[in-house]
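**Q**
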Amino acid sequence: MLTFEGQKIQGSQSIVAKLISLPFQRCQHSITTVDCQPSGAGGMLVFVSGFDS
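In this note's numbering, the protein residues as written are 8 to 60.
#1: Can you give the Cα-Cα distance for Gly50 and Met8, rounded to whole angstroms?
#2: Select from Ser60, Phe54 and Gln17 the residue whose C-alpha is nearest the C-alpha of Asp42.
#3: List the DSSP bridge partners of Gln44.
#4: Round the Cβ separation of Ile38 and Lys25 to the nearest angstrom and send it over; I've been treating them as touching at under 8 Å.
#5: Given this structure, state the Cα-to-Cα distance separating Ser46 from Leu29, to the nearest angstrom.
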């Protein structure tokens, strides 16, 4: 799931479509924090925050 400006987008195809629709030609990512914790059924929840420019 991707949360972008309050909009929740789920599924890899929907996330790619959202990123492609953004109005810029280049994007640089600046990661400020990464938090991980275990989730049910052996999975892992990863939360990454930062800035795109």
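Using N, Cα and C, we set each Cβ at its ideal position, and we do this for glycine too.
**A** In brief:
#1: 14 Å
#2: Phe54
#3: Leu52
#4: At roughly 19 Å, the Cβ-Cβ gap does not stay under 8 Å, so Ile38 and Lys25 are not in contact.
#5: 31 Å
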